[in-house]
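For the sequence shown, this note's numbering gives the first residue as 774, with consecutive numbering after it.
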Amino acid sequence: MPIEELSSEEVLQRCSMCQTATRSKLATLSLGVGSIVADDLDGRVVRLPPCPKCKAEEFLIRSAAAPTSAPKSYGDLHRLLVDQLHASLVKQGRFDARLAAPALADADPLVVKEFFPDGLKLLAQPFEKLDPAD
Ligand SMILES: [Zn+2]
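Written as structure tokens, this is what we have:
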């Protein structure tokens, strides 16, 4: 489920099944998903609320790599948004108490300024373009 916009308080997601756009408060999201068994928790995962229309549930996974300094594709830019969302949630303490505080790195402010001049907004592309080709 791509996200299209990120502010300090909200994220705008678009359902990849039915295209419904949903705004969620960051305060309602948290990191770490899995079963109730701590071993299954994964602090890289952001669970998005189910789509209000089709109930599709999707997850975002923070990338393991360092933030790219020169995003080239929609996939790169989307990754920046996901990583920034993840970092915001960590900062707000929105992670499962059984997790150690996940490592976090904000997106490079210069990159954000250059590629997101109007704020952290990214219109969804056709789904087939979401796969990073390079
Ligand atoms: Zn949906």
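The beta-carbon is built from N, C-alpha and C at its ideal position, and this holds for glycine as well. None of the values given here were measured: they were computed from a predicted structure.
Put residue i into one of helix, strand or coil per three-state DSSP.
i           : result
residue 783 : strand
residue 848 : helix
residue 892 : coil
residue 800 : helix
residue 794 : strand
residue 778 : strand
With residue i as the anchor, note down where its beta strand (DSSP E) starts and where it stops.
i           : result
residue 816 : 815–820
residue 832 : 832–834
**Item:** Any heavy atom of ligand 1 within less than 5 Å of residue CB: hits in chain order
**Value:** 788, 790, 791, 793, 824, 826, 827, 829
**Asked** Are at least three pairs of beta-carbons, each pair with one atom in the segment 857–871 and one in the segment 778–796, less than 8 Å apart?
**Response** yes
**Request:** Specify whether the segment 889–898 and the segment 811–829 touch according to this definition: at least 3 beta carbon pairs, one from each stretch, less than 8 Å apart.
**Result:** no
**Message:** Taking 8 Å as the cut-off, does the segment 846–857 touch the segment 794–804 (at least 3 CB pairs, one atom from each stretch)?
**Reply:** no
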